[in-house]
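Undergrad:
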Amino acid sequence: DSKLTAHGEPIEEAAASVCLKSPDQIIAVGVNCVHPETVVPLIKRMNNIDRDFIAYPNAGVIWDAEKQIFDSQGQSITSFIYSYTDIGIKYIGGCCHVGPDQIRAIRDIIDRYSS
Numbered sequence: 001d002s003k004l005t006a007h008g009e010p011i012e013e014a015a016a017s018v019c020l021k022s023p024d025q026i027i028a029v030g031v032n033c034v035h036p037e038t039v040v041p042l043i044k045r046m047n048n049i050d051r052d053f054i055a056y057p058n059a060g061v062i063w064d065a066e067k068q069i070f071d072s073q074g075q076s077i078t079s080f081i082y083s084y085t086d087i088g089i090k091y092i093g094g095c096c097h098v099g100p101d102q103i104r105a106i107r108d109i110i111d112r113y114s115s
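In terms of UniProt numbering, the sequence shown opens at residue 1 and continues consecutively.
#1: Which same chain residues, not among the five before or five after V39, have their C-beta less than 7 Å away from its C-beta?
#2: Hey, is the region 6-21 in contact with the region 45-54, meaning 3+ C-beta pairs nearer than 8 Å?
#3: Contact check, I77 vs M46 under 8 Å by CB: the rounded distance?
#4: Of all the options Y113, Q102, E66, which has the alpha carbon lying nearest to the alpha carbon of Q75?
#5: Between the beta-carbon of V34 and the beta-carbon of A15, is there less than 7 Å?
#6: Classify I62 as buried or exposed, calling it buried when 16 or more other Cβ atoms lie within 10 Å of its own Cβ.
#7: Which stretch, first to last residue, makes up the alpha helix (DSSP H) that contains D24?
#8: Among P36, R112, I26, which has the Cα closest to the Cα of S2?
#9: Quick check on I110: does DSSP put it in helix, strand or coil?
#10: Rounded to a whole number of angstroms, what is the C-alpha to C-alpha distance between S115 and D108?
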């Protein structure tokens, strides 16, 4: 979902609430363990929050409940990295099914973007 947290709250309300409750402790807000294509819409919903942004998407896998497996069809996480940096996401990593090779590729893309 590109609007709500896993618990069902609008993401911008959840992020704002955390920042209000602990303003001196929160240096960044973001998303974790979401499909790479939902990162940008979710972060854009939080654009009024005065913090850096974090994105730790999964590898783009989708759970197939019928087969009881993750379907790894689709774009590689690395194909999304430029869109993340373009909207100002400062901390980028990976979650479920993202391994060292993908993290290294993300680093290489960010290095090229920064130079």
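Just so you know, even glycine gets a beta-carbon here, dropped at the ideal spot from N, CA and C.
This structure is a prediction, so every number in the text was calculated from the model and none was measured.
TA: The short version:
#1: For V39, same chain residues with a beta-carbon under 7 Å away, outside a window of 5 residues either side, are V31, A55, P57, F80, Y84 in chain order.
#2: In this structure the region 6-21 touches the region 45-54; the number of beta carbon pairs closer than 8 Å is three or more.
#3: Rounded, the Cβ-Cβ distance is 20 Å, inconsistent with contact.
#4: The shortest Cα separation from Q75 among Y113, Q102, E66 belongs to Q102.
#5: No; because the gap between Cβ atoms is not below 7 Å, this pair is not in contact.
#6: Around the beta carbon of I62, fewer than 16 other beta carbons lie within 10 angstroms, which makes this residue exposed.
#7: Where D24 is concerned, there is no enclosing alpha helix (DSSP H), given that its DSSP letter is neither H nor E.
#8: Among P36, R112, I26, the Cα nearest to that of S2 is on P36.
#9: Reduced to three states, the DSSP call for I110 is helix.
#10: Rounded to the nearest angstrom, the two C-alpha atoms are 11 Å apart.
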